[in-house]
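Heads up: the sequence lines are chains A and B, in that order.
Heads up: the first sequence runs through residues 1 to 383, numbered per the numbering used here.
Heads up: the second sequence runs through residues 1001 to 1391, numbered per the numbering used here.
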Amino acid sequence: MANTTTAGKPIKCRAAVARAAAAPLVIEEIVVDPPKSGELRIKIICTSLCHSDVTFLNLNVPTASFPRIFGHEAVGVVESVGEGVTEVVEGDTVIPIFMSDCAECRDCKSKKSNLCTKYPFKIDPWMHDGSSRFRDLNGETIHHFMFVSSFSEYTVVHLANVIKVDPTIPPNRACLLSCGVSTGVGAAWKSASVEKGSTVAIFGLGSIGLAVAEGARLCGAARIIGVDVNPEKFEPSKKFGVTDFIDSTSCGDKSVSQMINEMTDGGADYCFECVGRSSLVEEAYACCRQGWGKTIMLGVDRPDAMLQFRSVELLVNGKTISGSLFGGLKPKSDIPILVKKYMDKELELDKFVTHEVGFEEINKAFDLLHQGKSLRCVIWMDK
Amino acid sequence: MNNRKSVEALRLMANNNTSTAGKAITCRAGAPLVIEEVVVDPPKSGELRIKIICTSLCHSDLTFFNLVVPPACFPRILGHEAVGMVESVGDGVIEVVEGDMVIPVFMSDCGECRDCKSKKSNLCTEFPFRVDPWMHDGTSRFRDLNGQTIHHFMFVSSFTEYTVVHRANVIKLNPAIPPSRACLLACGVSTGVGAAWRSASVERGSTVAIFGLGSIGLAVAEGARLCGAARIIGIDVNPNKFALSKKFGVTDFIDSTSCTEKSVSQMVNELTDGGADYCFECVGRASLVEEAYACCRKGWGKTIVVGVDRPGSLLKFASTEVLHSGKIILGSLFGGLKPKLDIPILVNKYMDKELELDKFVTHEVGFEEINKAFDLLHQGKSLRCVIWMDR
């Protein structure tokens, strides 16, 4: 089907629609409106499941937005563009990204910030203009997710949420760069600026933690200590660069931070919290090297969670604390760099993909993640 | 503290390499400060004995003067901002000689441990920062005429004609710097200037917010000015400080007591259209650190804790806020300065007329009038009062 026959018109296609909290997704036909000004419509090639999709699918509160199309890690091809869009054209390979990069606001223009002010990060059920491009066959509005909504054969995203990429990168590697892997690699590379020869400690060896390890490995860290409650994660994490392992359930008399302080003779140069628990952030801080150590938090905690530090201790220990959203990466400049690092065989992405399924089997991806059996399960739209 | 009496001082007797008897201000529990004669032992291996030229009063001295429970201990010689001349050196000390002009500093710089060798840290591991009552070897060089041990303070103890310090706590100086300017670099001014210069690396053209316009806050302003900050917002409860702080580079003022409908952080966020690039807390209060964090620019803002809070005080931040804001939190001890490297740089900056120190000295007194220095600071009437030993 030539694109010229669909441009400017609504498209009927399949989508995996979430109609109720925690319920399996239903593959159904929907209608995807054409892109408005500044937007583009993408034909998704493949998409991968990330924990944030699960978190929000399962959120059972009155303010939860159903029906909704989840998915935010994906790669696709531009089907048509809206008014004023010249940076990408039909046929371009693009990655949609939940982190906006308008390239015009003060933050986007600054090298130091990736927090776009024009389209700030939110878990929004709409496009930036507050409306939806999706409806079901009864005409009911279907909500967006994180400005992406990739569990659909076609989606509409804003230009600020799209990165054009080298089309030779395999799609089932490209999609990983939309969220999880980029977040972890970026946290080590950009947020922390991990230095060659340094020691890194990572709390939580899920996909994010392993991506941090991969980033630290790329940066030349000499030692990467992985901390997890599940000792079965240790062996597989070696191929992500983890050199030492701490099973936090079997530390006995000592705390994890005491063990790390002993192992490293004073603390790790960089400590990453990749679970989303304030007690772990505080533990990470406690085993961070005095004088120069950085504690970086990536994990998403409950909305009311608080971090607590003793003021005098903070004053005298010379450590820094910061959070890292999307690994501190500036999407339009940094994703292409990661693509290149993959193509140059520096950045390893293959090991993150543990399963692949066709679109009709999308719920299997959720089961695998729920059972802790997968890192990234890639969902192919055309299978 | 009501009754202040000076005891008639005895004549100074000084002999090289022997114990020296001299005048010192000894702080005794609950008692007024008294000048009395003390005996100062010769320096041990790695130490040196200094004849103090002048010393200035810093708030930390006042804190420990007022403290009657541990970690206060008595009798004690306070004072840690000073300049002096080397009178004699102990075994193994070659980097300074008799007659050298030196500043004693409470922050040790042994030059050999991992931290001292690193550009990134000023937290010596060989002689870690503590408010200790002893020399590094756990003993004292001071005793009173009854033979009672007198405690040290912060490895310096400068309210005395002679003191003994470890070589790790001594910086050799260009003798051309006036003593009443040199002593300021031993603590307060260096701490503030360093916080802007070293800890925060304030960039040219940036916006800085400073909570608390005491000597430290004003020194942060001076440091930010030196770094080329375009805007320096000063926040204090005392509007009388505003006119004065202009000469330290403060460009905007917020009287935090007259922010009724809005919080200080809301006002700073509005003034700066999104927050200051660097926020310094120079009071020592958790709620102010949290306020500073709230008006720090997202994406790149740094919140720097300089003020010393009560032990046990807790800083609390919302986890989501830390994750989403891109702001950085850090503390700054002695302004992040590496003493042996950075103090001489500050001396040069003063001699080159870049760093301005004169404006910090608001009063000068002789040794016998040291209590006046305490009164002035207590009443909020002084920034730095310099105490001359020879007057």
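The C-beta atom is built at its ideal place from N, Cα and C for all residues, glycine as well.
query: Who are the Cβ neighbours of residue 6 of chain A in its own chain at under 7 Å, not counting the five residues just before and after it?; result: 79, 80
query: For residue 137 of chain A, go through chain B and note every residue whose CB falls closer than 7 Å to its CB, in chain order.; result: Those within 7 Å of residue 137 of chain A in chain B number zero; the least Cβ separation is about 37 Å.
query: Fully enclosed by the segment 221-275 of chain A, which beta strand (DSSP E) runs are 3 residues long or longer?; result: 223-228, 244-247, 270-273
query: Tell me which residues share the same chain as residue 1155 of chain B and place their Cβ nearer than 6 Å to its Cβ, disregarding the 5 neighbours each side in the sequence.; result: 1106, 1169
query: Between which residues of its own chain and residue 1220 of chain B is the CB-CB distance below 8 Å, once the five residues before and five after are set aside?; result: 1192, 1193, 1195, 1196, 1208, 1210, 1280, 1282, 1306
query: CB-CB under 7 Å to residue 259 of chain A, same chain, minus the five flanking residues each way: which ones, in chain order?; result: 246, 251
query: Which chain B residues sit within Cβ distance under 9 Å of residue 112 of chain A?; result: 1299, 1300, 1326
query: Give the interface partners of residue 297 of chain A over in chain B, defined as CB-CB distance under 9 Å, in chain order.; result: 1319, 1322, 1323
query: Taking the DSSP output, what are the residues bridged to residue 96 of chain A?; result: A/162
query: Check distances from the C-beta atoms of the segment 314-342 of chain A to those of chain B and list, in chain order, the residues that come in under 8 Å.; result: 314, 315, 316, 317, 318, 319, 320, 321, 322, 323, 324, 325, 328
query: Residue 15 of chain A lies in the alpha helix (DSSP H); which residues open and close that run?; result: Where residue 15 of chain A is concerned, there is no enclosing alpha helix (DSSP H), although the beta strand (DSSP E) it sits in stretches over 11-17.
query: Considering residue 1179 of chain B, what are the terminal residues of the beta strand (DSSP E) in which it resides?; result: Residue 1179 of chain B -> not in any beta strand (DSSP E); alpha helix (DSSP H) instead, spanning 1179-1182.
query: Here's a check: name, in chain order, each residue in its chain whose Cβ is nearer than 8 Å to the Cβ of residue 241 of chain A, leaving out the five neighbours to either side.; result: 213, 214, 216, 217, 221, 224
query: Is DSSP giving residue 1266 of chain B helix, strand or coil here?; result: helix
query: Is the shortest distance between the beta-carbon of residue 1286 of chain B and the beta-carbons of chain A less than 8 Å?; result: yes
query: Give me, in chain order, the residues of the same chain whose beta-carbon lies closer than 8 Å to that of residue 1263 of chain B; leave out the 5 immediate sequence neighbours on both sides.; result: 1291, 1294
query: Please confirm whether residue 1308 of chain B has its beta-carbon closer than 8 Å to some beta-carbon of chain A.; result: yes
query: Tell me the DSSP bridge mates of residue 308 of chain A?; result: B/1316
query: Assign residue 297 of chain A to one of three DSSP states: helix, strand, or coil.; result: strand
query: What does residue 306 of chain A reach in chain B if we use C-beta pairs closer than 8 Å?; result: 1316, 1317, 1318, 1319
query: Please state the DSSP three-state secondary structure of residue 1304 of chain B.; result: strand
query: Could you tell me which chain A residues have their CB closer than 9 Å to the CB of residue 1121 of chain B, listed as they occur along the chain?; result: 289, 290, 291, 292, 318
query: Using 7 Å as the cut-off, classify the Cβ of residue 213 of chain A as near or not near the heavy atoms of the ligand SAM, replying yes or no.; result: Absent from the structure shown: the ligand SAM. Ligands present: none.
query: Quick one: is residue 1432 of chain B buried, meaning 16 or more other Cβ sit within 10 Å of its Cβ, or exposed?; result: With chain B running from 1001 to 1391 in the structure shown, residue 1432 of chain B is simply not present.
query: Keeping to the same chain, check which residues put their C-beta closer than 6 Å to that of residue 1005 of chain B; ignore five residues upstream and five downstream.; result: Model confidence at residue 1005 of chain B stands at a pLDDT of 24, short of 50, so the residue's coordinates are unreliable; what they give is reported in the following sentence. Here the set comprises nothing.
query: If we count the other Cβ atoms within 10 Å of its Cβ and call it buried at 16 or more, is residue 1176 of chain B buried or exposed?; result: exposed
query: Please identify, using Cβ separations under 7 Å, the residues of the segment 122-136 of chain A that lie next to chain B, in order along the chain.; result: none
query: What residue range is occupied by the uninterrupted alpha helix (DSSP H) comprising residue 1188 of chain B?; result: 1188-1194
query: Taking Cβ-Cβ distances shorter than 9 Å, what residues in chain A pair up with residue 1333 of chain B?; result: 315, 316, 317, 318
query: Where do the ends of the beta strand (DSSP E) carrying residue 1166 of chain B lie?; result: 1162-1166
query: Please go through the segment 37-71 of chain A and give each complete alpha helix (DSSP H) segment of 4 or more residues, from N-terminal end onward.; result: 51-57
query: Determine the DSSP secondary structure at residue 113 of chain A, reduced to helix, strand or coil.; result: coil
query: On a CA-only basis, which of A/271, A/248, A/376 is nearest residue 289 of chain A? Give me that one, please.; result: A/271
query: Straight-line CA distance for residue 1252 of chain B to residue 1212 of chain B?; result: 13 Å
query: How should residue 23 of chain A be labelled, buried or exposed, when 16 other C-beta atoms within 10 angstroms of its C-beta is the threshold for buried?; result: exposed
query: Taking DSSP as the reference, what is the three-state secondary structure of residue 1381 of chain B?; result: coil
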